[in-house]
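Q:
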Amino acid sequence: MSSQTISPTHGVPGLVELARASWPESPADTEPPQLAGFVLSSFSPLVAEVARRCLTAAYGQPPADPARGARTAVIISSCSGDATTAAAVARAVAAGQRLGPLLFFQAVPNAVAGYVAARWELGGPVVSLSPDGGADPVPESLAEGLAAASLLIRDGDADEALVIVAEQATDDGGRDRALAVLVRSSDITE
-5 MSSQTISPTH
5 GVPGLVELAR
15 ASWPESPADT
25 EPPQLAGFVL
35 SSFSPLVAEV
45 ARRCLTAAYG
55 QPPADPARGA
65 RTAVIISSCS
75 GDATTAAAVA
85 RAVAAGQRLG
95 PLLFFQAVPN
105 AVAGYVAARW
115 ELGGPVVSLS
125 PDGGADPVPE
135 SLAEGLAAAS
145 LLIRDGDADE
155 ALVIVAEQAT
165 DDGGRDRALA
175 VLVRSSDITE
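In terms of this note's numbering, the numbers along the sequence shown are unbroken and rise by one, the last being 184.
This is the structure in structure tokens:
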């Protein structure tokens, strides 16, 4: 496995990138695979798919090696969060409709973070962040996620961290985008 130091331009020195995956990676990436228990929205399937791609590159097939997975954190960083589910919940509440239990469950990003952690048997902290967005929210979300990863690793709460950035398209014709990066301290030698 090749490692590269994450650029200091992210403002997070001392981390080494172990694996990376993105969405879309090719024109064939139009819709992420469905994810059981998550409905209406692409957000959770997008997070799960980009995490799968990244972790498969690092660990092979699930579960992760217990020696590594037990101390791997999962961090989701998204400026917009699950905008589709939020809009569906708002419409239902405004119309006085009853909400289904799946919408309640998936309304928080920790639900899909927990799914990823359970699927890969990652035992580190699970964190969700919502940074302020700019014209392009992906770099802002990545910077916040990497800062949280650095803090968890420096404080001894995790040895590795999977940072997942997911931003749904906000306009017609736009595309959902996601990025997953697995990092560890640059002080650790293989």
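Even for Gly, the Cβ is constructed at its ideal location relative to N, Cα and C.
When burial is assigned at 16 or more other CB atoms within 10 Å of the CB, is residue 41 buried or exposed?
A: What you label residue 41 is simply residue 47 of the sequence shown in a count that begins at 1. Buried: at least 16 other Cβ atoms inside 10 Å.
Q: Go ahead and label residue 20 buried or exposed: buried means 16 or more other beta carbons lie within 10 angstroms of its beta carbon, across all protein chains shown.
A: In the sequence shown, residue 20 corresponds to position 26, counting from 1. Exposed is the call here.
Q: Is the CB-CB distance between residue 107 and residue 70 below 7 angstroms?
A: Counting from 1 along the sequence shown, the entry for residue 107 is found at position 113. Counting from 1 along the sequence shown, the entry for residue 70 is found at position 76. It is a contact, given that the beta carbons lie within the stated cut-off.
Q: Give the DSSP-derived three-state secondary structure of residue 77 in the structure shown.
A: One-based indexing of the sequence shown puts residue 77 at position 83. If DSSP states are grouped into helix, strand and coil, residue 77 belongs with the helices.
Q: If we require 4 or more residues per run, which alpha helix (DSSP H) segments fall completely within the region 119 to 182?
A: Qualifying alpha helix (DSSP H) stretches, in chain order: 131 to 148.
Q: Going by CA-CA distance only, name the one from 46, 78, 163 that's closest to residue 129.
A: Residue numbering aside, residue 129 sits at position 135 when the sequence shown is read from its first letter. Ranking the options by Cα distance to residue 129, first place goes to 163.
Q: For the beta strand (DSSP E) that residue 11 lies in, which residues bound it at each end?
A: By one-based count along the sequence shown, residue 11 stands at place 17. Here the beta strand (DSSP E) through residue 11 covers 9 to 17.
Q: Nearest to residue 203 by CA position, among 30, 111, 143, is which residue?
A: Outside the modelled stretch of the chain, which goes from -5 to 184, sits residue 203, for which no answer is possible.
Q: For residue 57, tell me which candidate among 86, 88, 117, 27 has the shortest Cα-Cα distance.
A: For the purposes of this step, residue 57 is taken as residue 63 along the sequence shown, with counting starting at 1. Of 86, 88, 117, 27, the residue nearest in Cα terms is 117.
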